[in-house]
Amino acid sequence: MSEKIYDVSAEWARRAWVDDAKYREMYARSVSDPNGFWGEQAKRIGWIKPFHKVENTSFAPGNISIKWFEDGVLNVAWNCIDRHLEKRGDQTAIIWEGDDPSQSKHITYRQLHDEVCKMANILRTRNVGKGDRVTIYLPMIPEAAYAMLACARIGAIHSVVFAGFSPDSLAQRITDCQSKIIITADEGLRGGKKVPLKANVDAAIAKAGDVDWVVVVKHTGAAVDMNPSRDFWHHEAAEMVTTECPCEPMHAEDPLFILYTSGSTGQPKGVLHTTGGYLVFASMTHQYVFDYHDGDIYWCTADVGWVTGHSYIVYGPLANGATTLMFEGVPNYPDNSRFWNVIDKHKVNIFYTAPTAIRALMQGGDAPVKKTSRKSLRLLGSVGEPINPEAWEWYYRVVGEERCPIVDTWWQTETGGILITPLPGATRLKPGSATRPFFGVVPEIVDADGKVLEGECSGNLCIAKSWPGQMRTVYGDHARFEQTYFSTYKGKYFTGDGCRRDADGFYWITGRVDDVINVSGHRMGTAEVESSLVAHALVSEAAVVGYPHDIKGQGIYAYVTLMTGTEPSEALRKELVAWVRKDIGPIASPDLIQFAPGLPKTRSGKIMRRILRKIAEDEPSSLGDTSTLADPAVVDDLVAHRQNKK
Ligand code: ATP
Ligand code: MG
0 MSEKIYDVSA
10 EWARRAWVDD
20 AKYREMYARS
30 VSDPNGFWGE
40 QAKRIGWIKP
50 FHKVENTSFA
60 PGNISIKWFE
70 DGVLNVAWNC
80 IDRHLEKRGD
90 QTAIIWEGDD
100 PSQSKHITYR
110 QLHDEVCKMA
120 NILRTRNVGK
130 GDRVTIYLPM
140 IPEAAYAMLA
150 CARIGAIHSV
160 VFAGFSPDSL
170 AQRITDCQSK
180 IIITADEGLR
190 GGKKVPLKAN
200 VDAAIAKAGD
210 VDWVVVVKHT
220 GAAVDMNPSR
230 DFWHHEAAEM
240 VTTECPCEPM
250 HAEDPLFILY
260 TSGSTGQPKG
270 VLHTTGGYLV
280 FASMTHQYVF
290 DYHDGDIYWC
300 TADVGWVTGH
310 SYIVYGPLAN
320 GATTLMFEGV
330 PNYPDNSRFW
340 NVIDKHKVNI
350 FYTAPTAIRA
360 LMQGGDAPVK
370 KTSRKSLRLL
380 GSVGEPINPE
390 AWEWYYRVVG
400 EERCPIVDTW
410 WQTETGGILI
420 TPLPGATRLK
430 PGSATRPFFG
440 VVPEIVDADG
450 KVLEGECSGN
460 LCIAKSWPGQ
470 MRTVYGDHAR
480 FEQTYFSTYK
490 GKYFTGDGCR
500 RDADGFYWIT
510 GRVDDVINVS
520 GHRMGTAEVE
530 SSLVAHALVS
540 EAAVVGYPHD
550 IKGQGIYAYV
560 TLMTGTEPSE
570 ALRKELVAWV
580 RKDIGPIASP
590 DLIQFAPGLP
600 KTRSGKIMRR
610 ILRKIAEDEP
620 SSLGDTSTLA
630 DPAVVDDLVA
640 HRQNKK
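Positions 0 to 645 (numbering that gives the first Met the number 0) are the ones given, in order, by the sequence shown.
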């Protein structure tokens, strides 16, 4: 693993909200006096009725119960919009950048207010009220944010389903939460390609049944089938309602949204987040992790269909009165300079993306980056997977010109917000490490028997105490919540991720625990072997899984995608084996390498290792559900060229 350390610059330490001394002081207080600490922090948002009780949580077996600020009353939409109107009515709340580079617009807080109220009134006139579930299946257009905030305004619970999901995946999610209304668009646009959203909704309803209303946003203008007793146009309905809509007073523990996890590891779960704690946590992490100051232009490239889009495009930034950029397109359309051109066009200061995008762009070399200015950039962020040091260095050197710290933020749909991360004015950076816990977060590394390990160690990552942004339950299935997260290690939240803590107390996420490979009794994280492979100049991406091996127990099977223009060969195969052997040690050298033109990824860009495991085990007939893959076709190639055919 990388040994490099980057110190905090004096300028960053001075201008940031938090420097190292302040981090230590605040962190110590956050764990020694959580009630005092969070009670004060919660004042960052506005309450209709103040809370008197701060934390009321239990991780005890049979009694998993998580409540924060429970007797407080508030409204999330009011916090994200109305309270800013006086001071920031004319400030841009959302910059929208379309898939087509000639399309963009600015939406002020005042306009946001009016659009959200109209959407909320449309829902109200269809009898949607507090506690009702609303499915949102929209592309990355401002209406997605309007719809989410409209639900929050009237107390309805939204379930945003990523617009790349198939009709089957959508149907499954509509059925699970029994939503009676769906908000969609005629079509989506991604990389110049049209996505038939309305047609997908029709197909999903044919499966799920029992939907009363479909609101259709006109986006591309394509002709779509409208069922007159069920479907109606958003722009027509918007003409019939006013731009005033009172905010529903919500208890802190009333649900805000359901979000189905991406499904990298199997059947999706309806992660439920509530109102008060979630908003406090999203807002606070957004401010400190991205060191957000008034006037900054902030861009998170995630889709609103993922939790990152919920917490760090919509709720966190808007709660802070920020200007948040929403991007409809993809990193390589019309070309590989798109991200950097958007940064220059809108003078973006803070940029937050995923390792999968960084690796893909790295594959295209430095030129598409270097022909842009990026002078406005001050801070870079990463989320979604471990970022291998090679990609980190490229992001730092080429994109950030060694001037922008990188915050490698570890968190999950379940955690609501960032839990382990550097703070740019406080934390030294080590490429590949998510570094230190955020305020109030108590990570523990345990061994297979649940024994808490001290000091330098590696094992399974748990969180010992609750934090306000924590999920409250699996929607409609509290037993599954306890079973999934609290039964492996009693009394702790189990993240499912493996982790190493180094001598400085920094945390390194090593990948999912299910993915740990056991070679001749040595346990190895997949991230380490992958990082080593990707560090080779000809390798663009790698995924490593275990497969049954007669002698070693498990062997290492590596799928390797080469840089554009590089041809696979036996010589290269041998070279890569030798490379890993020299880099990590003989124990880590791959037994089998398959050159793969593409890897199976979820729509959020994560590698679906369960599929790779099945192929490596020579069981191509039991791959399971592949419908949520971004490109199901890559699987056929992988199966055809598998290296372990019996
Ligand atoms: P599912 O739970 O349905 O299988 P998922 O885990 O991919 O899907 P998310 O909640 O979006 O859904 O992802 C959280 C996971 O992503 C973490 O548990 C971790 O494995 C990985 N992850 C996220 N950020 C980082 C990071 N900065 N470093 C390392 N891993 C990360
Ligand atoms: Mg997960």
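Yeah, the Cβ is synthetic: ideal placement off N, Cα and C, and Gly gets one too.
Quantities reported herein were computed from a predicted structural model and do not represent experimental measurements.
Contiguous beta strand (DSSP E) assignments of at least 3 residues, all confined to the region 451-516: 456-462, 492-500 and 506-511
Option nearest Gln411 by Cα separation, candidates Phe493, Tyr394, Thr371 and Thr426: If you number the sequence shown from 1, residue 411 lands on position 412. Checked all of Phe493, Tyr394, Thr371 and Thr426; the closest Cα to Gln411 is Phe493.
Check whether the Cβ atoms of Trp67 and Asn55 sit closer than 9 Å, and answer yes or no. Counted from its first residue, the sequence shown places residue 67 at position 68. Counted from its first residue, the sequence shown places residue 55 at position 56. A contact, by the Cβ cut-off of 9 Å.
For Lys192 and Ser101, the rounded distance between their alpha carbons: Counting from 1 along the sequence shown, the entry for residue 101 is found at position 102. Counting from 1 along the sequence shown, the entry for residue 192 is found at position 193. If I take the Cα positions, the gap works out to 16 Å.
Unbroken alpha helix (DSSP H) runs of length 4 or more, entirely within the region 176-261: which are they? Within the region 176-261, the complete alpha helix (DSSP H) runs of at least 4 residues are 196-207 and 233-237.
Secondary structure at Ile47, three-state DSSP: helix, strand or coil? Working through the sequence shown from its first residue, we reach residue 47 at position 48. Coil, per DSSP.
Report the three-state DSSP secondary structure of Arg132 (helix, strand or coil). On the sequence shown, residue 132 is found 133 positions in, with the first residue counted as 1. Taken through DSSP and simplified to helix, strand or coil, Arg132 comes out as strand.
Beta-bridge partners of His521, as assigned by DSSP: As a working note, residue 521 is residue 522 in the sequence shown. His521 pairs with Val518.
Ser603 Cβ short of 8 Å to the ligand ATP heavy atom set: What you label residue 603 is simply residue 604 of the sequence shown in a count that begins at 1. Ser603: yes, Cβ under 8 Å from the ligand ATP.
Output needed for Gly308: all residues of its chain with C-beta closer than 6 Å, excluding positions within five of it in sequence on either side, in chain order. For the purposes of this step, residue 308 is taken as residue 309 along the sequence shown, with counting starting at 1. Within the same chain, Gly308 has close Cβ partners Ala301 and Asp302.
What residues match up with Asn705 in a beta bridge as DSSP calls it? In the structure as shown, the chain begins at 0 and stops at 645. Residue 705 is therefore absent and cannot be evaluated.
If I measure Cβ to Cβ from Gly163 and keep anything under 6 Å in the same chain, skipping five residues before and after, which residues do I get? Numbered from its first residue, the sequence shown carries residue 163 at position 164. The residues are Arg602.
Close-in-space but distant-in-sequence residues of the same chain around Pro333 (CB under 8 Å, 5 per side omitted): The count along the sequence shown starts at 1 and reaches residue 333 at position 334. The answer, listed in chain order, is Pro100 and Gly191.
Coarse secondary structure for His105, derived from DSSP in three states: Start at 1 with the first residue of the sequence shown, and residue 105 comes out as number 106. In the structure shown, His105 sits in a strand (DSSP, three-state: E or B).
Neighbourhood of Tyr351 by C-beta distance below 6 Å, restricted to the same chain and skipping five residues each side: If you number the sequence shown from 1, residue 351 lands on position 352. Counting only Cβ-Cβ distances below 6 Å, and skipping sequence neighbours, we find Cys299 and Gly380.
Which of the three DSSP states is assigned to His292 in this structure? The residue labelled residue 292 in the question sits at position 293 within the sequence shown. Correct three-state label for His292: coil.
Mapping the DSSP letters down to three states, classify Tyr332 as helix, strand or coil. Counting from 1 along the sequence shown, the entry for residue 332 is found at position 333. Coil at Tyr332, not helix or strand.
Taking only the alpha-carbon atoms, compute the straight-line gap between Ser64 and Met361 and give it to the nearest angstrom. Here residue 64 corresponds to residue number 65 of the sequence shown, with the count starting at 1. Here residue 361 corresponds to residue number 362 of the sequence shown, with the count starting at 1. Rounded to whole angstroms, Ser64 to Met361 spans 44 Å at the Cα level.
Anticipated Cβ contact below 8 Å, Glu69 with Glu252, distance rounded: As a position in the sequence shown, residue 69 is number 70, starting the count at 1. As a position in the sequence shown, residue 252 is number 253, starting the count at 1. Indeed they touch by this definition, with Cβ atoms about 5 Å apart.
Ile181 versus Ala92: straight-line alpha-carbon distance, rounded: On the sequence shown, residue 181 is found 182 positions in, with the first residue counted as 1. On the sequence shown, residue 92 is found 93 positions in, with the first residue counted as 1. Rounded to the nearest angstrom, the two C-alpha atoms are 25 Å apart.
Taking Cβ to Cβ, would you say Glu114 is nearer than 9 Å to Met325? On the sequence shown, position 115 is the one that residue 114 refers to. On the sequence shown, position 326 is the one that residue 325 refers to. No.
Considering only residues of the same chain and omitting the five flanking positions on each side of Gly71, which have a CB-CB separation below 7 Å? Your numbering for residue 71 matches position 72 in the sequence shown. Excluding sequence neighbours, Gly71 sits near Trp46, Lys48, Pro49, Phe50, Ala251 and Gly275.
In chain order, what residues of the same chain have a beta carbon less than 6 Å from the beta carbon of Pro436, not counting five sequence neighbours either side? For the purposes of this step, residue 436 is taken as residue 437 along the sequence shown, with counting starting at 1. In the same chain as Pro436, and ignoring 5 residues on each side of it, the C-beta atoms closer than 6 Å to its own belong to Ile419 and Pro442, in chain order.
If I measure Cβ to Cβ from Ile94 and keep anything under 6 Å in the same chain, skipping five residues before and after, which residues do I get? Taking the first residue of the sequence shown as position 1, residue 94 is located at position 95. Result list for Ile94: His105, Leu324 and His345, in chain order.
Residue from Ser626, Tyr506 and Leu188 with nearest C-alpha to Leu428: As a first step, residue 428 must be located in the sequence shown, where it is residue number 429. Answer by Cα proximity: Tyr506.
Which residues mark the beginning and the end of the alpha helix (DSSP H) in which Met325 is found? As a first step, residue 325 must be located in the sequence shown, where it is residue number 326. For Met325, no alpha helix (DSSP H) segment is defined; the enclosing uninterrupted segment is the beta strand (DSSP E) at Thr322 to Phe326.
Are there any heavy atoms of the ligand MG lying less than 8 Å away from the beta-carbon of Val495, as far as the coordinates show? Position 496 of the sequence shown, counted from the first residue, corresponds to residue 495. Looking at the sequence provided, one finds Gly at residue 495 rather than Val. Under cutoff, so the answer is yes.
Would you kindly work out how many angstroms separate the C-alpha atoms of Cys403 and Ser282, rounded to a whole number? As a working note, residue 403 is residue 404 in the sequence shown. As a working note, residue 282 is residue 283 in the sequence shown. Taking the straight line from one Cα to the other gives about 22 Å.
Beta-carbon spacing of Val200, Thr183 below 9 Å: Taking the sequence shown and counting its residues from 1, the one referred to as residue 200 is at position 201. Taking the sequence shown and counting its residues from 1, the one referred to as residue 183 is at position 184. For the pair Val200 and Thr183, the CB atoms are nearer than the 9 Å cut-off.
Quick check: does the Cβ of Thr412 come within less than 8 Å of any heavy atom belonging to the ligand MG? On the sequence shown, position 413 is the one that residue 412 refers to. The answer is yes for Thr412.
Take Ala359 as the anchor and find which of Leu598, Cys498, Met607 and Gly304 has the nearest alpha-carbon. Here the question's residue 359 lines up with position 360 in the sequence shown. Closest by alpha carbon: Leu598.
Assign Ser282 to one of three DSSP states: helix, strand, or coil. In the sequence shown, the residue the question calls residue 282 occupies position 283. The answer is helix: DSSP assigns Ser282 an H, G or I state.
Taking 8 Å as the cut-off, does the CB of Thr260 come closer than this to any heavy atom belonging to the ligand MG? On the sequence shown, residue 260 is found 261 positions in, with the first residue counted as 1. It does: the Cβ of Thr260 is within 8 Å (strictly closer) of some heavy atom of the ligand MG.
Considering only C-alpha positions, which residue in the set Val279, Arg337 and Val347 is nearest to Tyr314? Your numbering for residue 314 matches position 315 in the sequence shown. The option with the nearest alpha carbon to Tyr314 is Val279.
Only counting the same chain, and skipping five residues up and downstream in sequence, which positions put a Cβ closer than 8 Å to that of Ser28? Along the sequence shown, read from residue 1 onward, the residue named residue 28 stands at position 29. Note that residue 28 is Arg in the sequence shown here, rather than Ser. Result list for Arg28: Gly35 and Phe36, in chain order.
How do the region 513-528 and the region 578-595 stand: do at least 3 beta-carbon pairs fall below 8 Å, yes or no? Segments in contact, yes.
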